[in-house]
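Here is the structure we will look at, set down as structure tokens.
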């Protein structure tokens, strides 16, 4: 630095000493000016030196980028504050190419190879860790959560603990909680779509009114998250006083995003001065999530949460299987923060984007409506499983929406930690080899890669077909090559060890909500509403030019803010009930029995209401339908094509019905009930649950609890290879379980046969049992049951003790004192299973008794049970609510008692439907259910009447009815 300082004004040590040691005298103006000049010169030279270094000599100087970005991180900080950082980076890539230097020590790489190299599980991913960007996130200094934890070992511990709340078994019990809140969501939307009070809550004016569905999705996902995380919904859907939390969360993520780009804003608390509202709201959110956590912990401490299986049920008791350490209180506060944000904000954005692009593209909406409505007969059938997974076009629409509008649209910073640096090879994807020294912040802008024309031709077009092969869907346009390209650049949930732990839960929620919405409603977009959707001028969309100088972006792109997660406004839409389906139901009820005197009342569900159609109402519907509808026509799935002239009139009738009246002004035609209203009083008598029976059965001690234990797809350990082991293996395979069989050769012939026929279910270990290998802390949790059938009492007792140590139910053959359960003698006929047990006292006696019971049964009893099961499932669809459960049970009991086993076994679809016609009448008035003989007599009478009516068609026609 000597050559720099030689030109500075001369300032001797005497001057400086006098200035510092003369407190009683003020320095002269000339001295102050001299000092100021000196300090300014030093600052200028330092700034110039740093600037020259960063531009010309820095290890990243070879990579292109704006000069100002190379000099200071404040450029990116400004764009984080504005909320357009994702477009800022996209613009840089468009100008500078696949690698761009967007801050002095940071580069963004636009390459699918970079995605795998930086975020994946490969060797190079070991050279990076989360950047110090995430130091701005923790609410308590030094206490990190699973999301913002930088240290890899600490993150691994936290993720192992948290993963127990997201295991397959844990997620199985969460779907009902999601659906409970989805039902509330539908009720709130329906309420807002009709009536004066609802209209006042709509947005828009001048004939352009609708609901802000983005707002509704936000409330839904937060309520679902509250239910899943803390065991109770936040209540945003129904309580306006709770909705402030949504704004707090957006400001919290925005604060983190800004401060992460320039850490002094966080460490010096400068946010309180520069953006006080954002900083204050962030702290309010932290306190709110902390209060939710404390309440849930207090519930756990009181012991009143035994029936809850929410995330905190697992977090409060889970421990790291490697270290034995769980979460401390301050760590639980941190996990609550990330669960609330990641589990709600991102999902609501994905839902909003999916709906936005569907109503923006009505042709795509029609395709997905047809897929969902053809797959399911009712909205209640839409649940996780094979059928919903087969709705491939629905999944493609969700994937395409998250491609166009990623829930986290920007760059997730990582820091190179290898002392030798690292090289990212992007030559396979059209880039180069990029060397990055230790300390470099690197990343991959998700928005840029999701709009790559290499991976997604016409990248700004909503084209779900790009995700489907022609073999997946008739409209699929993908090839194997294009699908690989699309998938390798697609990362809405990130990838690798830091990928979203709740991905499976988010996809479940997305498919359930969108599937049920598309089935239940006719949705259309409301465009031109100022401040919402495409008219939200506060949000950002891409407005760049392509290589030909043409506007590349799409004016209808869903506008968003990049606040680390996405902030959105809209879309605005209006929704009417899927009336075509309900008209189908009404027409079916009417057309199948056209004479009012022979009709029975019947019930259908419209939206969140149940409608009971009385005979006269059904006759009215028949008169409307008869001129253009025949039973042959009815098989057409789209009745709108069959009776277009009548459709508007019938829809009007239904709309009026939903408001509580009937177009004929005869309100006796329609009896309505909603889930929140009291059901009409029944004329049947019932005995109160509190009324004691005349005599209680005596309690006889010494028995066993006989239950039907479901072990489908669970693993059972069987030890032994002889005759008893073969019997055990047969029983376990009949229950659809997986088996690990430990036994040396030779094996019983039946076991050998099962190994051949059920190789996918049975794993054979051909050696004797080993206590050190077969039941250990690692293997024990995988076994649902352990069964032994070996002639070695010492080893059997050892197995029994090991099983009790690890709390595995065990059966030691021929040793009743070492059995947690017994195998009885079983008779099976289809779904019927009868077990006779002597509590281990006489297995042969149990077998003899079982045979006598089997010989006394009718030959078709299995068929009868199968048919009763079908009838029961149909009844649950007709009466799905929990409140109707006791009535369902009573009605099914009466049917089973009135019909003989032979009659039940011969019951067909027609008889089931006729029985179900009786359900609604019986539920209101009680009495007996019709016997098989009465049902057949009724059928013959109706056929006679039908023939008479058909023959008298000319007479009816003269009256103008036909």
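Numbering (the UniProt record's numbering), first residue to last: 1 to 962.
Glycine included, each C-beta is placed from N, C-alpha and C at the ideal position.
Taking the alpha-carbon of residue 410 as reference, which of 340, 260, 87, 865 has the nearest alpha-carbon?
Nearest C-alpha to residue 410: 87.
For residue 1 and residue 44, what's the separation of their Cα atoms in angstroms?
Here residue 1 scores only 40 on pLDDT, less than 50, and its place in the model is too uncertain to base an answer on.
Just confirm the distance between the C-beta atoms of residue 356 and residue 571, as a whole number of angstroms; I'd bet it's less than 8 Å.
Indeed, because the Cβ distance is near 4 Å, the residues count as touching under 8 Å.
If you run the structure through DSSP and keep just helix, strand and coil, what is residue 660?
The pLDDT assigned to residue 660 is 38, lower than 50, so where the model puts this residue is not dependable, and the model offers no usable value.
Residue(s) in a DSSP beta bridge with residue 522:
Its beta-bridge partners are 576.
In the structure shown, what three-state DSSP assignment does residue 539 receive?
Coil at residue 539, not helix or strand.
Contacting residues, own chain, Cβ-Cβ under 7 Å from residue 790 (five flanking each side not counted)
Closer than 7 Å at the Cβ level, and outside the excluded window around residue 790, lie 719, 720, 796.
Per-residue DSSP class, three states only, for residue 789
Note: residue 789 maps to coil in three-state DSSP.
So, with DSSP's three-state summary, where would you put residue 708?
Residue 708: coil per DSSP, three-state reduction.
Go through its chain and collect everything with a Cβ distance to residue 717's Cβ below 6 Å, but skip five positions before and after it.
In its chain, beyond the 5 residues on either side, 740, 783, 786 have a beta carbon closer than 6 Å to the beta carbon of residue 717.
Exposed or buried, what is residue 398 when buried is set at 16 or more other beta-carbons lying within 10 Å of its beta-carbon?
Residue 398 counts as buried, since at least 16 other C-beta atoms from the protein chains shown sit within 10 angstroms of its C-beta.
Please classify residue 236: does DSSP put it in a helix, a strand, or coil?
Coil, per DSSP.
Whole alpha helix (DSSP H) runs in the region 760–838 with 4 or more residues, listed along the chain?
You should have 793–805.
Exposed unless 16 or more other CB atoms sit within 10 angstroms - verdict on residue 298:
Only exposed fits residue 298, as fewer than 16 other CB atoms lie within 10 angstroms of its CB.
Using a Cβ-Cβ distance under 8 Å, would residue 271 count as near chain C?
This model lacks chain C altogether, as it is built from one protein chain only.
What are the complete alpha helix (DSSP H) segments, minimum 4 residues, inside the region 105–184?
Here the runs fully enclosed are 112–119, 152–163, 168–172.
Pair within 8 Å by beta-carbon distance, residue 825 and residue 815:
Taking 8 Å as the cut-off, the Cβ atoms of residue 825 and residue 815 do not count as close.
Would you kindly work out how many angstroms separate the C-alpha atoms of residue 320 and residue 161, rounded to a whole number?
Cα to Cα, the separation comes out at about 5 Å.
Tell me which residue opens and which closes the alpha helix (DSSP H) that residue 36 is part of.
Taken as a continuous stretch (DSSP letters only), the alpha helix (DSSP H) holding residue 36 covers 29–52.
Enclosing beta strand (DSSP E) for residue 100 [first to last residue]:
Counting along the chain, the unbroken beta strand (DSSP E) around residue 100 starts and ends at 99–103.
Who does residue 434 pair with in a DSSP beta bridge?
Answer by DSSP bridge pairing, in chain order: 424.
What is the C-beta distance between residue 130 and residue 99, in whole angstroms, given that I count them as a contact (C-beta under 8 Å)?
Incorrect: roughly 21 Å between the Cβ atoms, too far for contact.
According to DSSP, is residue 222 helix, strand or coil?
In the structure shown, residue 222 sits in a helix (DSSP, three-state: H, G or I).
On the criterion of 16 or more Cβ atoms from any shown chain inside 10 Å, does residue 773 qualify as buried, or is it exposed?
Residue 773 should be labelled exposed.
Leaving out five residues on either side along the sequence, give the residues of the same chain with a beta carbon under 6 Å from the beta carbon of residue 260.
Residues of the same chain with a CB within less than 6 Å of the CB of residue 260, apart from the 5 flanking positions on each side, are 133, 136 in chain order.
Beta bridge counterpart(s) of residue 748 as assigned by DSSP
Per DSSP, none; premise fails for residue 748.
If you measure between the beta carbons of residue 421 and residue 145, is that distance less than 8 Å?
No.
In this structure, how does DSSP classify residue 377 when only helix, strand and coil are distinguished?
Residue 377 sits in coil when the DSSP states are folded into three classes, being neither helix nor strand.
Check this for me: beta carbons of residue 751 and residue 788, under 8 Å apart or not?
Cβ atoms of residue 751 and residue 788: not closer than 8 Å.
Sequence-distant residues of its chain with Cβ nearer than 8 Å to residue 55 (five each side left out):
Cβ neighbours of residue 55 beyond the five flanking positions: 61, 67, 70, 71.
In whole angstroms, give me the CA-to-CA distance for residue 81 and residue 157.
The alpha-carbon of residue 81 is positioned some 33 Å away from that of residue 157.
Out of 193, 748, 323, state which residue places its alpha-carbon closest to the alpha-carbon of residue 524.
With distances taken between Cα atoms, residue 524 lies closest to 193.
Cα-Cα separation, residue 346 to residue 216:
Distance between the alpha carbons of residue 346 and residue 216: 14 Å.
Mind checking which residues open and close the beta strand (DSSP E) that includes residue 415?
Boundaries of the beta strand (DSSP E) around residue 415: 414–416.
Would residue 248 and residue 220 be called neighbours here (beta carbons separated by less than 8 Å)?
Their beta carbons are not under 8 Å apart, which means residue 248 does not touch residue 220 by this criterion.
Quick one: Cα of residue 174 to Cα of residue 230, how far?
Distance between the alpha carbons of residue 174 and residue 230: 12 Å.
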